[in-house]
Structure formats: C-alpha cells, structure tokens
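What follows is one structure encoded as structure tokens, with my remarks underneath.
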Amino acid sequence: MSSAADRRDDFIVLARALFDDHRRLLADTEAHCLHELSTLVDICCDSLSAGGKLLFFGNGGSAADAQHLATELTVRYLVDRPALSAIALTTDSSTLTAAANDVGFEQIFSRQIEALGRAGDVAIGISTSGRSPNVLAALRAAAVRGLESAGFTGAAASDMDGLASPLIKVPSTDTPRIQEMHILLGHLLCHQIEVRLS
Numbered sequence: 009m010s011s012a013a014d015r016r017d018d019f020i021v022l023a024r025a026l027f028d029d030h031r032r033l034l035a036d037t038e039a040h041c042l043h044e045l046s047t048l049v050d051i052c053c054d055s056l057s058a059g060g061k062l063l064f065f066g067n068g069g070s071a072a073d074a075q076h077l078a079t080e081l082t083v084r085y086l087v088d089r090p091a092l093s094a095i096a097l098t099t100d101s102s103t104l105t106a107a108a109n110d111v112g113f114e115q116i117f118s119r120q121i122e123a124l125g126r127a128g129d130v131a132i133g134i135s136t137s138g139r140s141p142n143v144l145a146a147l148r149a150a151a152v153r154g155l156e157s158a159g160f161t162g163a164a165a166s167d168m169d170g171l172a173s174p175l176i177k178v179p180s181t182d183t184p185r186i187q188e189m190h191i192l193l194g195h196l197l198c199h200q201i202e203v204r205l206s
C-alpha cells in the first residue's frame, strides 16, 4: 500500500504532465485558431449590430460552455454595458425533454432553431468530436433558415467541416484538453464582442 507521500508524488508527476500538455496545446491553438476566431467575432458583431442573436448549443461539457458563453454576453463579461442577445439552447428542460420524447433526441436543438432562429442570427455549435448528431442537425436547420453557422470542435475530421464556417478546430483529439481550449477561445470571443459593441 502506497504512503501519503508516494500518492502526493504520483499526483505531482501527473499534474505536471497535464500542465505540459496544456501548455503545448495552448501554443498550437494560438497558432491554428485565431484567424477563424477573428472571422467569428466579425460575424457575431455584424449580427448583433443588426438586431440578430447568437444561439449556442452542445452536449455535456459543451452544453455547459454554451450556457457559460451566452451568459457572458447577456449579462456581462468584463465591463458594464447593454445586454447582448445570446441564448443557450441547452437550458429549457421542458423543451429539451419534449423534443427528445416527441421528435427525437437528435432534434432537440434543431427544433429550437426552427422556432427561434431568423436569417441574420448566428448558430454556434460546440462539439469536441464534431460528430454529435443533434449539433449537426441544428447546423443543417440553421442553414435552411438562413442563419450563419459556426462551430467549435477538435482536430478530427467530421461532418461539421461542411456545415460550419468558420469552424474553430482545436488541434487535439483529447476531449478534456479540447474543452479547456474551447472555453478560452469562447472567453476571447466574448471579450472581443464586448469591446467592439460597448
């Protein structure tokens, strides 16, 4: 049986390896994602300035990111300013469960896009794998309704490649590390929108 000191040493070795992975991916993400993110900032600012709204959606940790980013915009990120129109399609338990029960789980976001989305709005799908069927269905529904479609994902090739533009692809296939970069990039998105529209 290992001692407390051994467990602490093992933990520190693991933690340092994770920090090293994070630092490497941070540099790679900076090198590969900022151009696409800048394009998304422009699209979001144009939409919001014209009276449009941002619709965020994803599953699991990406659902939490959707709520987090929508809240940063509707309430505040860093400075006091007028509210910005952003909605997470992951928060209404009645809508989510009714859609899952009545039309299928793959339609839980697309049904809301049909109800709430208008031409000029921006649909932003978040999926670390890029293969989430309900995210893909929502991006397809957004295209039909004339919304701009954008996304955050990882490095793996997926159907998001043809459905979202810009598509911010974190250069990793490791889900926890992709999630860490997604929230960093999401914060940068919120920061730039807030600066430009305040």
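Okay, so the sequence shown: first residue is 9 according to the working numbering, each after it adds one.
Glycine is no exception: its CB is placed at the ideal position from the N, C-alpha and C atoms.
As the structure is a prediction and not an experimental result, all values here were calculated from the model.
8 angstroms contact criterion, which Leu-48 and Ile-176 should meet: CB distance rounded: Mapped onto the sequence shown, residue 48 falls at position 40. Mapped onto the sequence shown, residue 176 falls at position 168. So it is a contact: roughly 7 angstroms between Cβ atoms.
Cα-Cα separation, Ser-55 to Leu-63: Walking along the sequence shown from the start, residue 55 turns up at place 47. Walking along the sequence shown from the start, residue 63 turns up at place 55. Cα to Cα, the separation comes out at about 11 angstroms.
Candidates Ala-163, Leu-205 and Gly-170, of which the one nearest Met-189 by Cα: Numbered from 1 along the sequence shown, position 181 holds the residue referred to as residue 189. Distance from the Cα of Met-189 is smallest, within the candidate group Ala-163, Leu-205 and Gly-170, for Ala-163.
Span of the alpha helix (DSSP H), counted from its first residue to its last, around Gly-69: Your numbering for residue 69 matches position 61 in the sequence shown. Element bounds for Gly-69: 69 to 82.
DSSP three-state assignment for Val-49, whether helix, strand or coil: Within the sequence shown, the letter at position 41 stands for residue 49. In the structure shown, Val-49 falls within a helical segment according to DSSP collapsed to helix, strand and coil.
Pairwise C-alpha distance: Ala-94 and His-76: Here residue 76 refers to the residue found at position 68 of the sequence shown. Here residue 94 refers to the residue found at position 86 of the sequence shown. Roughly 11 angstroms separates the two Cα atoms.
Classification of Asp-18 by the beta-carbon crowding that lies within 10 angstroms, buried from 16 upward: Along the sequence shown, one-based indexing puts residue 18 at 10. Burial check for Asp-18: the Cβ neighbour count within 10 Å stays below 16, so the residue is exposed.
Between the CA atoms of Asp-36 and Ala-74 - distance to the nearest angstrom: Here residue 74 refers to the residue found at position 66 of the sequence shown. Here residue 36 refers to the residue found at position 28 of the sequence shown. Going from the Cα of Ala-74 to the Cα of Asp-36 covers about 23 angstroms.
With 16 other Cβ atoms within 10 Å as the buried cut-off, status of Gly-126: As a working note, residue 126 is residue 118 in the sequence shown. The sequence shown places Arg at residue 126, not Gly. Result: exposed.
Reduced DSSP secondary structure (H/G/I, E/B, other) of Ser-157: On the sequence shown, residue 157 is found 149 positions in, with the first residue counted as 1. Strand at Ser-157.
Of the listed residues Leu-196, Leu-197 and Arg-185, nearest to Arg-31 (C-alpha basis): Position 23 of the sequence shown, counted from the start, is the residue given in the question as residue 31. Of the listed residues, the one whose Cα sits closest to Arg-31 is Arg-185.
Straight-line gap, Asp-110 to Asp-169 (C-alpha atoms, nearest Å): Here residue 110 refers to the residue found at position 102 when the sequence shown is read from its first residue. Here residue 169 refers to the residue found at position 161 when the sequence shown is read from its first residue. Roughly 29 angstroms separates the two Cα atoms.
Close beta carbons around Glu-202, own chain, < 7 angstroms, minus the five adjacent residues each side: Start at 1 with the first residue of the sequence shown, and residue 202 comes out as number 194. Answer for Glu-202: Tyr-85, Leu-86, Val-87 and Arg-89, listed in chain order.
Bridge partner(s) assigned by DSSP for Ile-95: Taking the first residue of the sequence shown as 1, we reach residue 95 at position 87. DSSP lists Leu-63 as partners of Ile-95.
7 angstroms Cβ shell around Ser-206 - same chain, five flanking residues per side excluded: If you number the sequence shown from 1, residue 206 lands on position 198. Val-87 and Arg-89.
Assumed close pair Asn-142, Phe-160 - CB separation to whole angstroms, cut-off 8 angstroms: Within the sequence shown, residue 142 is the residue found at index 134, counting from 1. Within the sequence shown, residue 160 is the residue found at index 152, counting from 1. About 15 angstroms; that fails the 8 angstroms criterion.
Short Cβ contact (8 angstroms threshold) for Leu-196 with Leu-45: The residue labelled residue 196 in the question sits at position 188 within the sequence shown. The residue labelled residue 45 in the question sits at position 37 within the sequence shown. Closer than 8 angstroms, so yes.
Cβ-Cβ distance between Ala-66 and Gly-133 below 8 angstroms: Residue mapping note: residue 66 aligns to position 58 of the sequence shown, counting from 1. Residue mapping note: residue 133 aligns to position 125 of the sequence shown, counting from 1. The sequence given here has Gly at residue 66, not Ala. Contact: yes.
Rounded separation between Glu-114 and Ala-108 - CA only: Position 106 of the sequence shown, counting from 1, holds the residue named residue 114. Position 100 of the sequence shown, counting from 1, holds the residue named residue 108. Answer to the nearest angstrom: the Cα atoms are 7 angstroms apart.
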